[in-house]
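Here the structure comes first, spelled out in structure tokens, and everything after it is commentary.
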Amino acid sequence: QVQLVESGGDVVQPGRSLRLSCAASGFTFSNHAMHWVRQAPGQGLEWVAVISYDGSYKDYVDSVKGRFTISRDNSKSTLFLQMNSLRAEDTALYYCVGEVGPKKFDFGGQGTRVTVSS
Amino acid sequence: DVVMTQSPLSLPGTLGQPASISCRSSQSLLYSDGNTYLTWFHQRPGQSPRRLIYKVSNRDSGVPDRFTGSGSGTDFTLKISRVEAEDVGVYYCMQGSHWPYTFGQGTKLEI
Chain R
-16 QVQLVESGGD VVQPGRSLRL SCAASGFTFS NHAMHWVRQA PGQGLEWVAV ISYDGSYKDY
44 VDSVKGRFTI SRDNSKSTLF LQMNSLRAED TALYYCVGEV GPKKFDFGGQ GTRVTVSS
Chain Z
80 DVVMTQSPLS LPGTLGQPAS ISCRSSQSLL YSDGNTYLTW FHQRPGQSPR RLIYKVSNRD
140 SGVPDRFTGS GSGTDFTLKI SRVEAEDVGV YYCMQGSHWP YTFGQGTKLE I
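Order-wise, the sequence lines are chains R and Z.
Here the numbering used here is used: the first residue of the first sequence is -16, the next is one more, and so on.
Here the numbering used here is used: the first residue of the second sequence is 80, the next is one more, and so on.
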């Protein structure tokens, strides 16, 4: 069973940085693409970033391009999201999502909350 | 970006009665490999989304057979044959055929 434990969320001021982590277990992490998806308070879901199984391919939604960086450490089965120049509109619950099959996605955790506020 | 439009956004359900949610995409979701990557998720309050249906009509393990997904191209439907109390929550359709992947606004099912 896919288990994903997100951490690193916090309350930060606009313009500051934060690094999210996601510890994966229950599947062969190094074989699968991984994603970050976020959900603003009381709102719907938004895809944020994707990284291929080996880290060679990355892509982002336009609203975070140039500010967020997705990365992974396959030796530690861990996914990261480095978030710089944070804005109020980045306030959300961030979920780590595993692509357990071709475009087959598992939300295995409870998310980590990021609040950007002065 | 592909816009996913769900209707209705609020769905009053009746126990034992059928319910249906529509999802329309602004572009065809037929991917170059011949598959259509339309997924349905269910999110209960305070929980993360759970996948119900993938590739339009494939029910996930453990998902009751009262849930059925159908459709093609740009028009998709999730049907619940008999609503049960545990079905409350928000249902999202999601497309994985075009980056960035996008979700519908969500349909809130209440009994």
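Yeah, the Cβ is synthetic: ideal placement off N, Cα and C, and Gly gets one too.
Check the Cβ of residue i against every Cβ in chain R and list those closer than 8 Å, keeping chain order.
i	result
Phe182(Z)	Gly27, Leu28, Glu29 and Trp30
Gly92(Z)	Those do not exist, as Gly92(Z) stays about 20 Å from chain R at its closest Cβ, beyond 8 Å.
Does the beta-carbon of residue i have 16 or more other beta-carbons within 10 angstroms, so that it is buried, or is it exposed?
i	result
Thr103(R)	No answer is possible for residue 103(R): it lies beyond the span of chain R, which begins at -16 and ends at 101.
Val47(R)	buried
Trp178(Z)	exposed
Val82(Z)	exposed
Ser176(Z)	buried
Gln85(Z)	buried
Lys59(R)	exposed
Tyr180(Z)	buried
Ser127(Z)	buried
Glu165(Z)	exposed
Asp89(R)	buried
Thr93(Z)	exposed
Ile53(R)	buried
Ala75(R)	buried
Gln106(Z)	exposed
Gly168(Z)	buried
Arg55(R)	buried
Find the residues of chain Z that neighbour residue i, judging by a C-beta separation of less than 7 Å, and give them in chain order.
i	result
Tyr36(R)	Here the premise fails: no neighbours, minimum Cβ distance about 16 Å.
Please list the partners that residue i has in chain R, where partner means a Cβ-to-Cβ separation under 7 Å.
i	result
Arg32(Z)	Here chain Z covers residues 80 to 190 and nothing more, so residue 32(Z) does not appear.
Tyr170(Z)	Under the 7 Å cutoff, chain R gives no residues; its nearest Cβ is about 11 Å from Tyr170(Z).
Gly185(Z)	Gly27
Pro179(Z)	Trp30 and Val44
Ser127(Z)	Tyr78, Phe90, Gly92, Gln93 and Gly94
Give the residues of chain R in contact with residue i, contact being defined as C-beta atoms less than 9 Å apart.
i	result
Gly150(Z)	None at all; the shortest Cβ gap to chain R is about 16 Å.
Gly141(Z)	Ordered by position in chain R, no residue passes the 9 Å Cβ test against Gly141(Z), which lies about 11 Å from the chain.
Could you pull out every unbroken beta strand (DSSP E) segment of at least 3 residues lying fully inside the stretch -12 to 39 of chain R, listed in chain order?
1 to 8, 17 to 22 and 28 to 34
Proximal residues, the stretch 96 to 124 of chain Z versus chain R, C-beta separation under 9 Å:
Tyr110, Asp112, Asn114, Tyr116, Thr118, Phe120 and Gln122
Residues of the stretch 79 to 95 of chain R with Cβ closer than 7 Å to any Cβ of chain Z, in chain order:
Lys86, Lys87, Phe88, Asp89, Phe90, Gly92, Gln93 and Gly94
Contact set between the stretch 39 to 61 of chain R and chain Z, restricted to residues whose Cβ is under 9 Å from the partner
Asp42, Tyr43, Val44 and Asp45
Report the start-end ranges of each beta strand (DSSP E) in the stretch 121 to 161 of chain Z that is 3 residues or longer and not cut off at the edges.
129 to 133, 146 to 151 and 154 to 159
Are the stretch 93 to 100 of chain R and the stretch -16 to 0 of chain R touching by the rule of at least three beta carbon pairs closer than 8 Å?
yes
Uninterrupted beta strand (DSSP E) stretches inside the stretch 81 to 118 of chain Z (no shorter than 3 residues):
83 to 86, 89 to 91 and 98 to 104
Determine, using beta-carbon pairs with one atom in the stretch 101 to 110 of chain Z and one in the stretch 145 to 158 of chain Z, whether at least three such pairs fall under 8 Å.
yes
Determine, using beta-carbon pairs with one atom in the stretch 155 to 172 of chain Z and one in the stretch 72 to 81 of chain R, whether at least three such pairs fall under 8 Å.
no
How about the stretch 166 to 173 of chain Z and the stretch 113 to 133 of chain Z: do they share at least three Cβ pairs that are nearer than 8 Å?
yes
Ordered list of beta strand (DSSP E) runs contained in the stretch 36 to 86 of chain R, each at least 3 residues:
41 to 43, 51 to 56, 61 to 66 and 75 to 84
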